[in-house]
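S.K.: My structure is below; once you've seen it, I'll send some questions.
2 protein chains.
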Amino acid sequence: MKRNTWQREAVRTELGRAEGFVSAQGLHSALHTSGSPIGLATVYRALADLALEGDADSLQSPDGESLYRACSTTDHHHHLICRNCGLTVEIEVDAIENWATEEASKHGFTEAAHVIDIFGLCAACTALASDRPTP
Amino acid sequence: MKRNTWQREAVRTELGRAEGFVSAQGLHSALHTSGSPIGLATVYRALADLALEGDADSLQSPDGESLYRACSTTDHHHHLICRNCGLTVEIEVDAIENWATEEASKHGFTEAAHVIDIFGLCAACTALASDRPTP
DNA sequence: ACGCCTATTGATAATGATTGTCAAAACCAT
DNA sequence: ATGGTTTTGACAATCATTATCAATAGGCGT
Ligand SMILES: [Zn+2]
Ligand SMILES: [Zn+2]
Ligand SMILES: [Zn+2]
Ligand SMILES: [Zn+2]
Numbered sequence: 000m001k002r003n004t005w006q007r008e009a010v011r012t013e014l015g016r017a018e019g020f021v022s023a024q025g026l027h028s029a030l031h032t033s034g035s036p037i038g039l040a041t042v043y044r045a046l047a048d049l050a051l052e053g054d055a056d057s058l059q060s061p062d063g064e065s066l067y068r069a070c071s072t073t074d075h076h077h078h079l080i081c082r083n084c085g086l087t088v089e090i091e092v093d094a095i096e097n098w099a100t101e102e103a104s105k106h107g108f109t110e111a112a113h114v115i116d117i118f119g120l121c122a123a124c125t126a127l128a129s130d131r132p133t134p
Numbered sequence: 000m001k002r003n004t005w006q007r008e009a010v011r012t013e014l015g016r017a018e019g020f021v022s023a024q025g026l027h028s029a030l031h032t033s034g035s036p037i038g039l040a041t042v043y044r045a046l047a048d049l050a051l052e053g054d055a056d057s058l059q060s061p062d063g064e065s066l067y068r069a070c071s072t073t074d075h076h077h078h079l080i081c082r083n084c085g086l087t088v089e090i091e092v093d094a095i096e097n098w099a100t101e102e103a104s105k106h107g108f109t110e111a112a113h114v115i116d117i118f119g120l121c122a123a124c125t126a127l128a129s130d131r132p133t134p
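In structure tokens:
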């Protein structure tokens, strides 16, 4: 059976505290900073479990890191993510879901899943960026 | 300036020979098998260059590997990929592009890029899978 | 509350992909 | 052909993630 440990709870809590998507490493060092002695491997396991149970969303960052987030809904949805500060907006659009499904079956594909994410600069980060242009 | 070496050409050729997306490691061992003494680091560099120049598309596999493909068009497009055999179908839909752009600006995001990929089982692999069900 | 069984933890090693290093080799304009 | 520069490749280094496995600690039955 599945046991309740303070470690799992700590990961769940810290994940809830995060604004956007975080990496296992990031979550672990955040926990460490706030005094928790939790082990790195445990954080990896807890996050994988949360994702399996549907309590956390996961995606691959553009450079191949696995990122996790506790989203407000457990329904299927997608994300608009600030590549600078991590601010994340949840997106749920039936039209897109239907498009993906139809596109797959149109070409004879089955068991189709899709990866749809938008990365950009949020309004705040855009403002900051315009103050300090690239030299 | 950029020089022409047989190594770059070999990578370009082998990438063209591949049906779908391939990893740097996979391309390297394919080249090795066909007798080429090209180095692994060189394959990584060549693929990165091709992607930079727009001559190759790249994406992250669901488990975080970087995959590359020489697509038939250099225009912006997306992919429908068989997760078993790698067969890839190129998808180009303006409606999706517009949706992504609008969704980003609607929330104040700028410099938005998007990741849109569909993974499934192609018709052939679906047929094979039904012959040998999971025991 | 106690003890036992087993799931879980965590320090550490192992893995696997990717990148950095740097001397030797290969390009290419002259 | 020669020389200056770029590219290569064997190898080490990095980095995220996973595997090990002895030690720990839930939680059920008592
Ligand atoms: Zn931001
Ligand atoms: Zn979806
Ligand atoms: Zn297939
Ligand atoms: Zn697009």
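These protein sequences, in sequence, are chains C and U. Letter 97 of the first sequence, counting from 1, is numbered 96 in numbering that gives the first Met the number 0, and no numbers are missing. Letter 6 of the second sequence, counting from 1, is numbered 5 in numbering that gives the first Met the number 0, and no numbers are missing. From the three backbone atoms N, C-alpha and C, an ideal C-beta is built for every residue, glycine too. Owing to the predicted nature of the structure, the values given are computational and were not obtained by experimental measurement.
#1: Within a Cβ cutoff of 6 Å, which residues of the same chain sit near P134 (chain C), ignoring the five residues on either side of it in sequence?
#2: List, in chain order, every chain U residue whose beta-carbon is nearer than 8 Å to that of A103 (chain C).
#3: Who are the Cβ neighbours of F118 (chain U) in its own chain at under 6 Å, not counting the five residues just before and after it?
#4: Beta carbon of A139 (chain U), beta carbon of S35 (chain U): below 8 Å?
#5: By the criterion of Cβ-Cβ separation under 9 Å, what are the contact partners of V114 (chain C) in chain U?
#6: Put D93 (chain C) into one of helix, strand or coil per three-state DSSP.
#7: In chain order, what residues place their C-beta within less than 5 Å of a heavy atom belonging to ligand 1?
#8: For ligand 4, I want to know if A99 (chain U) counts as a neighbour, meaning its beta carbon is within less than 7 Å of at least one of the ligand's heavy atoms.
#9: Closest by CA to V21 (chain U), which one among U:W5, U:A50, U:V92?
#10: Along chain U, in chain order, which residues have C-beta atoms closer than 8 Å to that of G107 (chain C)?
#11: Compute the distance between the beta-carbons of Y67 (chain C) and L46 (chain C), then report whether it is under 8 Å.
#12: Give the straight-line distance between the Cα atoms of E102 (chain C) and E91 (chain U), rounded to the nearest whole angstrom.
#13: Please work out which residues of its chain come closer than 7 Å, Cβ to Cβ, to T115 (chain U), disregarding the five sequence neighbours upstream and downstream, and give them in chain order.
#14: For H75 (chain C) and D56 (chain C), I'd like the C-alpha separation in whole angstroms.
#15: Looking at I115 (chain U) and ligand 4, is the gap between the Cβ and the nearest heavy atom below 7 Å?
#16: Using only the alpha-carbon positions, how far apart do G25 (chain C) and Q24 (chain U) sit?
#17: Name the two residues that bound the continuous beta strand (DSSP E) containing D56 (chain U).
#18: Buried or exposed, going by whether 16 or more other CB atoms sit within 10 Å of the CB of R7 (chain U)?
#19: Does the Cβ of A123 (chain C) have 16 or more other Cβ atoms within 10 Å, making it buried, or fewer, making it exposed?
#20: Since S65 (chain C) is in the beta strand (DSSP E), which residue starts that stretch and which ends it?
#21: Nearest to G15 (chain C) by alpha carbon, out of C:A29, C:R2, C:N3, C:E64?
#22: Taking 7 Å as the cut-off, does the CB of H75 (chain C) come closer than this to any heavy atom belonging to ligand 2?
#23: Note down the Cα distance separating D48 (chain C) from S104 (chain U), rounded to an integer number of angstroms.
#24: Hey, could you find the ends of the beta strand (DSSP E) L120 (chain U) is sitting in?
#25: Sort out for me which residues DSSP pairs L79 (chain C) with in a bridge.
#26: Taking the alpha helix (DSSP H) that S28 (chain C) belongs to, which residues open and close that run?
#27: Which chain C residues are close to W98 (chain U), counting only those with a beta carbon under 7 Å from its beta carbon?
M.R.: In short, the structure shows the following:
#1: Position 135 of the first sequence, counted from the first residue, corresponds to residue 134 (chain C). No answer about P134 (chain C) holds up, because its pLDDT of 46 lies below 50 and its placement is not dependable.
#2: Translated into the one-based positions of the first sequence, residue 103 (chain C) becomes position 104. Neighbours of A103 (chain C) across chain U, judged by C-beta separation under 8 Å: L79, I117, G119.
#3: The sequence position of residue 118 (chain U) within the second sequence is 119, counting from 1. For F118 (chain U), where only same-chain residues beyond five positions count, the Cβ hits under 6 Å are I80, R82.
#4: Missing from the structure shown is residue 139 (chain U); chain U here goes from 0 to 134 and no further.
#5: Sequence index remark: in the first sequence, residue 114 (chain C) carries index 115 (1-based). In chain order: L58, Q59, P61, V114, I115, D116, I117, F118.
#6: Your numbering for residue 93 (chain C) matches position 94 in the first sequence. DSSP places D93 (chain C) in helix when its eight states are reduced to three.
#7: Listed by chain position, these are C:C81, C:N83, C:C84, C:L86, C:C121, C:C124.
#8: Residue mapping note: residue 99 (chain U) aligns to position 100 of the second sequence, counting from 1. It does: the Cβ of A99 (chain U) is within 7 Å (strictly closer) of some heavy atom of ligand 4.
#9: On the second sequence, position 22 is the one that residue 21 (chain U) refers to. Looking at the Cα atoms, U:A50 is the closest of the given residues.
#10: Within the first sequence, the letter at position 108 stands for residue 107 (chain C). Within 8 Å Cβ-Cβ: C121, A122, T125.
#11: In the first sequence, residue 67 (chain C) corresponds to position 68, counting from 1. In the first sequence, residue 46 (chain C) corresponds to position 47, counting from 1. Yes, the Cβ-Cβ distance between Y67 (chain C) and L46 (chain C) is below 8 Å.
#12: On the first sequence, position 103 is the one that residue 102 (chain C) refers to. On the second sequence, position 92 is the one that residue 91 (chain U) refers to. Their Cα atoms are separated by approximately 11 Å.
#13: Position 116 of the second sequence, counting from 1, holds the residue named residue 115 (chain U). It is worth fixing the name first, because residue 115 (chain U) is Ile in this sequence and not Thr. H77, I95.
#14: Taking the first residue of the first sequence as 1, we reach residue 75 (chain C) at position 76. Taking the first residue of the first sequence as 1, we reach residue 56 (chain C) at position 57. Distance from the CA of H75 (chain C) to the CA of D56 (chain C), rounded to the nearest whole angstrom, comes to 9 Å.
#15: Numbered from 1 along the second sequence, position 116 holds the residue referred to as residue 115 (chain U). For I115 (chain U), the CB falls within less than 7 Å of some heavy atom of ligand 4.
#16: Here residue 25 (chain C) is taken as the residue at index 26 of the first sequence, counted from 1. Here residue 24 (chain U) is taken as the residue at index 25 of the second sequence, counted from 1. The C-alpha of Q24 (chain U) is placed about 28 Å away from the C-alpha of G25 (chain C).
#17: By 1-based counting over the second sequence, the position of residue 56 (chain U) is 57. It spans 56-59 - the beta strand (DSSP E) in which D56 (chain U) sits, taken as one unbroken run.
#18: By one-based count along the second sequence, residue 7 (chain U) stands at place 8. By the 10 Å Cβ count, R7 (chain U) comes out buried.
#19: As a first step, residue 123 (chain C) must be located in the first sequence, where it is residue number 124. Looking at its Cβ environment, which holds fewer than 16 other Cβ atoms inside 10 Å, A123 (chain C) is exposed.
#20: For the purposes of this step, residue 65 (chain C) is taken as residue 66 along the first sequence, with counting starting at 1. Residues 65-68.
#21: In the first sequence, the residue the question calls residue 15 (chain C) occupies position 16. The shortest C-alpha separation from G15 (chain C) is found at C:A29.
#22: As a working note, residue 75 (chain C) is residue 76 in the first sequence. Yes, ligand 2 has a heavy atom inside 7 Å of this Cβ.
#23: Along the first sequence, one-based indexing puts residue 48 (chain C) at 49. Along the second sequence, one-based indexing puts residue 104 (chain U) at 105. If I take the Cα positions, the gap works out to 34 Å.
#24: On the second sequence, residue 120 (chain U) is found 121 positions in, with the first residue counted as 1. Per DSSP, the continuous beta strand (DSSP E) segment holding L120 (chain U) begins and ends at 109-120.
#25: Locating residue 79 (chain C) in the first sequence gives position 80, where the first residue counts as 1. Answer is C:V88, C:I117, bridged to L79 (chain C).
#26: To locate residue 28 (chain C), count along the first sequence from 1; it is residue 29. DSSP places S28 (chain C) inside the alpha helix (DSSP H), whose first and last residues are 23-32.
#27: The count along the second sequence starts at 1 and reaches residue 98 (chain U) at position 99. Those are I95, listed as they occur along chain C.
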